[in-house]
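Scroll down for the structure; my scribbles are underneath it.
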Amino acid sequence: MATQAISIRRWLVDNHYGDIAKLIDEVMAEWAQQGKKTRRNWWD
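Going by the working numbering, the first residue of the sequence shown is number 9, and it counts up by one from there.
Next comes the structure, spelled out in structure tokens:
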């Protein structure tokens, strides 16, 4: 059986944690607006 990668944001939405996914999106948008190239493993 093949394993398919799933983003943490997709998992959060699929499991009724859309509010947390929205917070992650907001943080990432703020970083992008500031020109930061920060990457984060949200599974940690």
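Every residue, glycine too, gets a C-beta built ideally from N, C-alpha and C. The structure displayed is predicted, hence computed values, not measured ones.
Backbone CA spacing between Val21 and Lys30 [nearest angstrom]: For Val21 and Lys30, the distance between alpha carbons rounds to 9 Å.
Thr46 to Tyr25 span [Cα, whole Å]: Cα-Cα distance, rounded: 23 Å.
Assigned secondary structure, Ile14 (DSSP; H/G/I helix, E/B strand, else coil): If DSSP states are grouped into helix, strand and coil, Ile14 belongs with coil.
Could you check what DSSP says for Lys45 in three-state terms: helix, strand or coil? Correct three-state label for Lys45: coil.
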